[in-house]
Every structure is written in C-alpha cells, then in structure tokens.
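Residue numbers (the working numbering): -10 to 151.
Following: one structure in structure tokens, then a few remarks.
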Amino acid sequence: MHRRLLAVLATALLLVPLLISGAAPSFAAMDVAKQVLIGADYSDKDLRGATFNLSNLREANLSGSDLRGASLYGAKLQDADLSGTDLREATLDAAVLTGTDLSDAVLEGAFAFNTRFQDVTITGADFTDVPMRGDQLKSLCAMADGINPITGRETRTTLGCG
C-alpha cells in the first residue's frame, strides 16, 4: 500500500510542470484499423494521427474534422462526408472515394497515388502537392472548381489542371 501511494505521488509530481505550463500530456492517436464503421459520426473531431487503415467508413460523417497526418490507407469511404476536413499530410493511398464529399477539404501534402476518386464532390478542395495517378487527375480536373476557404487556393490550380 505504501509503495502504491509513493507511485501515485511520483506520477502527480511529474504532471505538475505540465499543468503549470498549460501543456497537455500527449496521448496515443486513435487506432480503429480494420473496423466496420458504416455511418459513424466523427464530425468536428480532433483525429490528428488517427489510423483508419482498411476500415469501412461508408456513409460516415467526418466533416469539419482535423485529420492531419491520419492514415486512411485502403479505407472504404463511399458516400462519406469529408467536407471541410483538414487532411494535410494524411495517407489516402488505396482508399476508395466513390460519391465522397471533399468540398472545402485541405489535402495539402496528402499521399493519394493509388486512391480511387469517382463521382466525388471537390468544390473548393485544395490538392496542393498531392501525388496521384494521371487518370485520376484527369477526371478530377474535369469537375474542379471553387476556392478553398482556408488556403485561398483555386481547386483547379492545386490540381495543376491546364
């Protein structure tokens, strides 16, 4: 009992500097890889660094969420709402985005080379420095319009459409 009390006090003493400085202790990012999350609501959440690898997120709502650095490798995002999401530096490789709403999303620096974009809404999306296959780029350029409200960049320009 005495040792347990000492351990609790030692932990508390380690946290005091963090509390005084206003810094929050760091916790591991959420990991829901290989899950069935059909229709899940993750809207307006801090999901930085989260892992959704190979998860089924069909019809999920992730609108307005911070997904910077998140991994959605191979995720199924059919008819999902990713409008207004921050996907900077996220991994979207091999993800399926069919009927997905990416309006006003920021994808700057995301990795999406083998991502399938089909019947997506990309009005106002920012694709700056996003590597993708030529066939996907061509289909996105055919529908690209708008200006991203966060970065102020035109969607067509960020895709490099001619």
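Think of the CB as a built atom: it goes at the ideal place given N, C-alpha and C, for glycine as much as any other residue.
A quick note: this is a predicted structure, and the numbers were derived from the prediction, not measured.
Once you ignore the five residues that flank residue i on each side, which residues in its own chain have a CB closer than 6 Å to its CB?
{"i": "R142", "result": "D115"}
{"i": "A99", "result": "L76, A79, L81 and V119"}
{"i": "Q107", "result": "T87"}
{"i": "D20", "result": "T40"}
Specify, as a first and last residue, the run of the alpha helix (DSSP H) that residue i falls within.
{"i": "T146", "result": "T144 to L148"}
Does residue i come out as helix, strand or coil in the three-state DSSP assignment?
{"i": "S15", "result": "With a pLDDT of 39 at S15, under the threshold of 50, the predicted position of this residue should be treated as unreliable, and no value is reported."}
{"i": "L86", "result": "strand"}
{"i": "Q107", "result": "strand"}
{"i": "K127", "result": "helix"}
{"i": "F154", "result": "Nothing can be reported for residue 154: it is not among the residues displayed for the chain, which extend from -10 to 151."}
{"i": "N137", "result": "coil"}
{"i": "K65", "result": "strand"}
{"i": "V119", "result": "coil"}
{"i": "S60", "result": "strand"}
{"i": "T80", "result": "strand"}
{"i": "T74", "result": "coil"}
{"i": "D55", "result": "strand"}
{"i": "T112", "result": "coil"}
{"i": "N42", "result": "coil"}
{"i": "D33", "result": "coil"}
What residue does the beta strand (DSSP E) around residue i start on, and which one ends it?
{"i": "Q24", "result": "Unbroken run through Q24: none, as it is neither H nor E."}
Here's the rule: buried if 16 or more other CB atoms are within 10 angstroms of the residue's CB, otherwise exposed. What is residue i?
{"i": "F41", "result": "buried"}
{"i": "K65", "result": "buried"}
{"i": "D70", "result": "buried"}
{"i": "A131", "result": "exposed"}
{"i": "G63", "result": "buried"}
I'd like to know if residue i contacts chain C, where contact means its C-beta is closer than 7 Å to some C-beta of that chain.
{"i": "L66", "result": "Structure shown: chain C not included; a single protein chain is present."}
Spatial neighbours of residue i within its chain, please: C-beta separation below 8 Å, excluding the five flanking residues on both sides.
{"i": "D68", "result": "R47, E48, T87, G88 and T89"}
{"i": "S72", "result": "S52, G53, D90, L91, S92, D93, A94 and T110"}
{"i": "T144", "result": "I111, T112, G113, A114, D115, F116, A133, D134, G135, I136 and N137"}
{"i": "I27", "result": "N45, L46, R47, E48 and A49"}
{"i": "K23", "result": "N42, L43 and S44"}
Within the same chain, show all residues whose beta-carbon is closer than 7 Å to that of residue i, passing over the 5 residues directly before and after it, in chain order.
{"i": "L129", "result": "F106, I111 and L148"}
{"i": "Y31", "result": "A49, N50, L51 and S54"}
{"i": "F102", "result": "D82, P120, M121 and R122"}
Our contact map puts residue i next to residue j with C-beta atoms below 8 Å; I'd like the distance itself, whole angstroms only.
{"i": "T43", "j": "A59", "result": "For the sequence presented, residue 43 should be read as Leu rather than Thr. About 14 Å separates the two Cβ atoms, so there is no contact after all."}
{"i": "Q125", "j": "T146", "result": "The pair is not a contact, with the Cβ atoms about 17 Å apart (cut-off 8 Å)."}
{"i": "L61", "j": "A29", "result": "About 13 Å separates the two Cβ atoms, so there is no contact after all."}
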